[in-house]
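Colleague: One point on numbering: in this note's numbering, the residue at position 63 of the sequence shown is 64, and numbering is uninterrupted.
The beta-carbon is built from N, C-alpha and C at its ideal position, and this holds for glycine as well.
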Amino acid sequence: MPSPFTEEHEAFRKTVRTFVEKEMTPHALEWDRAGIFPRELFQKFGELGFFGINHDPKYGGSGLDYWYVTAFTEELTRSRNAGVNMAMMVQGQMATPIINEIGTDEQKREFLAPALAGEKIAALGVSEPGCGSDVANIQTTARRDGDDYVINGSKMWITNGTRADFITLAVRTGGPGYGGISLVTFPTDVKGFGVSKKLDKVGNLSSDTAILYFEDCRIPRRYVLGEENEGFYHIMMNFQGERLVGALAAVAGMERMIEDALEYGKERQAFGKPLLGFQVWRHKLVEHMAAIEAARRLTYHAVDLFNAKENAVREISMAKLFAGDLAQKVAYDVQQFFGGMGYIEETHIARAWRDIRLITIGGGTSEVMKEILSKMSGF
């Protein structure tokens, strides 16, 4: 099976790796302990073109294929900080792709272009306090008032929420169910908007995840993305990119864990020999290496379809489900392999163990992936 990566892809990969290992990895623990990372990092990503990899060049993107996004996602895991990675992926691959796809020229100039340049921070506002996976049941309303929408409600689990300059926001403009949902671009300097609180999470500590509120927030109707009441379809399509980068990050993250284990296993002595001298651990690690390779092939197949603009819902759902569940096992076993050191925050595996837990919850739970696949299989 030939590599999907050309020399140009690999040159880009090298650029990302060099930046990540120099500018991000040394600060991994520091930023987790601070619970935030410098805003300037958004600007640096923008200057390097990391946010606009596959976006329209007219608005500051590079117009490259999805294999560049794949290489970028894989190298980003070398930061050893899932919170920062999440914030950056929200900016480039979760909150902005739908604007790139269906936004008006005005919306792209006002929101997309400055986001790709790293000048404005973007957030995606779909989940609510009483509505996570059940997107069709969102309660935040947008009522028409002349040429404006008046928005009321709340959003929860919003990455970049405390310092976002705008939100790609899901609102209810019609009746109950999926048919009454719209997407809008929402600038956060609107009167009536606020941050209720920054959430104190188990993992992904350096990303600011927030509860947001909207009280009679007024925005012009020209901020609607696409057609009114057709937002549910766009949200579901947008989810595919979000889930795919999640699967890619999980696979690459598992690779980092195995690399750490092999390095540690050669150095750490127990009972007169290196840890890798024990058959039980050699066999456990190679079992995981085989499963990780299977996860990579499944995920790359999904990337191939997604890159070709084909329907890849089935393959993406499988990739996220398989890679996400496998990552929990790999993280557990590698942490066990490290013993007491695996329970110390200074080690990468300790932080990876708590951070990787999110992959089976965020962006669609493993149960939702199974339900999607069940329906697509006809039962």
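If you measure between the beta carbons of SER207 and TRP68, is that distance less than 8 Å?
Modeller: For the purposes of this step, residue 207 is taken as residue 206 along the sequence shown, with counting starting at 1. For the purposes of this step, residue 68 is taken as residue 67 along the sequence shown, with counting starting at 1. Result no, Cβ atoms of SER207 and TRP68 do not sit closer than 8 Å.
Colleague: Check whether the segment 66-82 and the segment 117-133 touch, using three or more Cβ-Cβ pairs below 8 Å as the test.
Modeller: Taking 8 Å as the limit for Cβ pairs, the verdict is that the segment 117-133 does not touch the segment 66-82.
Colleague: Counting pairs of Cβ atoms below 8 Å between the segment 190-210 and the segment 286-300, do you hit three or more?
Modeller: No, they do not touch.
Colleague: Mark VAL281 as exposed unless 16 or more other C-beta atoms lie within 10 angstroms of its C-beta, in which case mark it buried.
Modeller: Along the sequence shown, read from residue 1 onward, the residue named residue 281 stands at position 280. Under this definition VAL281 is an exposed residue.
Colleague: Would you be able to state if there are at least three C-beta pairs under 8 Å between the segment 90-109 and the segment 161-179?
Modeller: With a cut-off of 8 Å, the segment 90-109 and the segment 161-179 count as touching, because enough Cβ pairs lie within range.
Colleague: Output the distance between the C-alpha atoms of SER183 and ALA124, rounded to the nearest integer angstrom.
Modeller: Residue mapping note: residue 183 aligns to position 182 of the sequence shown, counting from 1. Residue mapping note: residue 124 aligns to position 123 of the sequence shown, counting from 1. Answer to the nearest angstrom: the Cα atoms are 16 Å apart.
Colleague: Would you call SER378 buried or exposed, if buried means 16 or more other Cβ atoms sit within 10 Å of its Cβ?
Modeller: Sequence index remark: in the sequence shown, residue 378 carries index 377 (1-based). Exposed.
Colleague: Taking C-alpha atoms, which residue in ALA303, GLY325 and ASP326 lies nearest to ARG315?
Modeller: Position 314 of the sequence shown, counting from 1, holds the residue named residue 315. Ranking the options by Cα distance to ARG315, first place goes to ALA303.
Colleague: Can you list, in chain order, the stretches of the alpha helix (DSSP H) that have 4 or more residues and sit fully within the segment 191-275?
Modeller: Complete alpha helix (DSSP H) runs here, min 4: 232-268.
Colleague: Go ahead and label GLY154 buried or exposed: buried means 16 or more other beta carbons lie within 10 angstroms of its beta carbon, across all protein chains shown.
Modeller: The sequence position of residue 154 within the sequence shown is 153, counting from 1. Buried is the call here.
Colleague: Exposed or buried, what is ASN312 when buried is set at 16 or more other beta-carbons lying within 10 Å of its beta-carbon?
Modeller: Counted from its first residue, the sequence shown places residue 312 at position 311. So ASN312 ends up on the exposed side.
Colleague: Using three-state DSSP, classify ASP149 as helix, strand or coil.
Modeller: In the sequence shown, counting from the first residue as 1, residue 149 sits at position 148. ASP149 falls in the strand class under three-state DSSP.
Colleague: GLY154 bridges to which residues according to DSSP?
Modeller: Taking the first residue of the sequence shown as 1, we reach residue 154 at position 153. BP columns for GLY154 point to PHE215.
Colleague: Could you check where the alpha helix (DSSP H) with PHE13 kicks off and where it finishes?
Modeller: On the sequence shown, position 12 is the one that residue 13 refers to. Where PHE13 is concerned, the enclosing alpha helix (DSSP H) stretches over 8-24.
Colleague: Let me know the secondary structure DSSP gives PHE307 once reduced to three states.
Modeller: To locate residue 307, count along the sequence shown from 1; it is residue 306. Three-state result, PHE307: helix.
Colleague: Nearest by alpha-carbon distance to VAL185: which of PHE112, ILE259 and VAL369 is it?
Modeller: Within the sequence shown, residue 185 is the residue found at index 184, counting from 1. It is PHE112 whose Cα lies nearest to the Cα of VAL185.
Colleague: From PRO177, ALA35 and VAL335, pick the residue whose C-alpha is nearest to that of GLU231; which is it?
Modeller: Locating residue 231 in the sequence shown gives position 230, where the first residue counts as 1. Per the Cα distances, PRO177.
Colleague: Could you tell me the distance, in whole angstroms, from the CA atom of THR105 to the CA atom of TYR265?
Modeller: On the sequence shown, position 104 is the one that residue 105 refers to. On the sequence shown, position 264 is the one that residue 265 refers to. Distance between the alpha carbons of THR105 and TYR265: 52 Å.
Colleague: In whole angstroms, what separates the C-alpha of MET157 from that of GLU129?
Modeller: Reading the sequence shown from its first residue, position 156 is the one you call residue 157. Reading the sequence shown from its first residue, position 128 is the one you call residue 129. Looking at the two C-alpha atoms, the distance is approximately 5 Å.
Colleague: Starting from ILE168 and walking both ways along the beta strand (DSSP E), at which residues does that stretch end?
Modeller: As a working mapping, residue 168 is identified with position 167 in the sequence shown. Unbroken beta strand (DSSP E) run through ILE168: 167-173.
Colleague: Specify the secondary structure class of ARG81 as computed by DSSP and reduced to three states.
Modeller: On the sequence shown, position 80 is the one that residue 81 refers to. In this structure, ARG81 counts as coil in the three-state DSSP scheme.
Colleague: At a cut of 8 Å, does the segment 362-374 reach the segment 318-326 through at least three beta carbon pairs?
Modeller: Output reads yes: the segment 318-326 touches the segment 362-374.
Colleague: At which residues does the alpha helix (DSSP H) containing PHE43 begin and terminate?
Modeller: The sequence position of residue 43 within the sequence shown is 42, counting from 1. PHE43 -> alpha helix (DSSP H) spans 41-49.
Colleague: On a CA-only basis, which of GLN329, THR366 and ALA351 is nearest ARG358? Give me that one, please.
Modeller: For this step, residue 358 is matched to residue 357 along the sequence shown. Checked all of GLN329, THR366 and ALA351; the closest Cα to ARG358 is GLN329.
Colleague: Assess, as a yes-or-no matter, whether the segment 254-270 is touched by the segment 136-154 under the definition of 3 or more beta carbon pairs within less than 8 Å.
Modeller: The segment 136-154 vs the segment 254-270: no contact.
Colleague: Run the CB neighbour count on LYS192, radius 10 Å, all protein chains shown included, and call it buried at 16 or more, exposed below.
Modeller: Against the sequence shown, residue 192 aligns to sequence position 191. Per the 10 Å Cβ criterion, exposed.
Colleague: I need the straight-line Cα distance from ALA114 to VAL91, nearest angstrom please.
Modeller: Along the sequence shown, one-based indexing puts residue 114 at 113. Along the sequence shown, one-based indexing puts residue 91 at 90. Taking the straight line from one Cα to the other gives about 15 Å.
Colleague: Check whether the Cβ atoms of GLY247 and GLY364 lie closer than 8 Å to each other.
Modeller: Sequence index remark: in the sequence shown, residue 247 carries index 246 (1-based). Sequence index remark: in the sequence shown, residue 364 carries index 363 (1-based). Yes, Cβ-Cβ distance for GLY247 and GLY364 is below 8 Å.
Colleague: May I have the straight-line CA-CA distance separating LEU299 from VAL225, to the nearest angstrom?
Modeller: Your numbering for residue 299 matches position 298 in the sequence shown. Your numbering for residue 225 matches position 224 in the sequence shown. Answer to the nearest angstrom: the Cα atoms are 36 Å apart.
Colleague: What are the residues that DSSP puts in a beta bridge with ARG144?
Modeller: Residue numbering aside, residue 144 sits at position 143 when the sequence shown is read from its first letter. DSSP lists VAL151 as partners of ARG144.
Colleague: Taking the alpha-carbon of ARG147 as reference, which of ARG223, ASN86 and ALA29 has the nearest alpha-carbon?
Modeller: Residue mapping note: residue 147 aligns to position 146 of the sequence shown, counting from 1. The identity of residue 147 in the sequence shown is Gly, whereas the question assumes Arg. Nearest option by C-alpha distance: ARG223.
Colleague: Bridge partners for GLU129 per DSSP, in chain order?
Modeller: Taking the first residue of the sequence shown as position 1, residue 129 is located at position 128. Answer is CYS132, bridged to GLU129.
Colleague: Would GLY131 pass as a contact of LEU213 if the rule is Cβ separation under 8 Å?
Modeller: In the sequence shown, residue 131 corresponds to position 130, counting from 1. In the sequence shown, residue 213 corresponds to position 212, counting from 1. Contact flag unset, no.
Colleague: Looking at MET25 and VAL70, is the spacing between their C-beta atoms short of 8 Å?
Modeller: Here residue 70 refers to the residue found at position 69 of the sequence shown. Here residue 25 refers to the residue found at position 24 of the sequence shown. Result no, Cβ atoms of VAL70 and MET25 do not sit closer than 8 Å.
Colleague: Taking just the CA atoms, how far does GLU102 sit from THR160?
Modeller: Your numbering for residue 160 matches position 159 in the sequence shown. Your numbering for residue 102 matches position 101 in the sequence shown. Approximately 21 Å between the Cα atoms of the pair.
Colleague: Are the CB atoms of PHE38 and GLY93 within a distance shorter than 8 Å?
Modeller: Stepping through the sequence shown from its first residue, residue 93 is reached at position 92. Stepping through the sequence shown from its first residue, residue 38 is reached at position 37. In this structure, PHE38 does not lie closer than 8 Å to GLY93 by Cβ.
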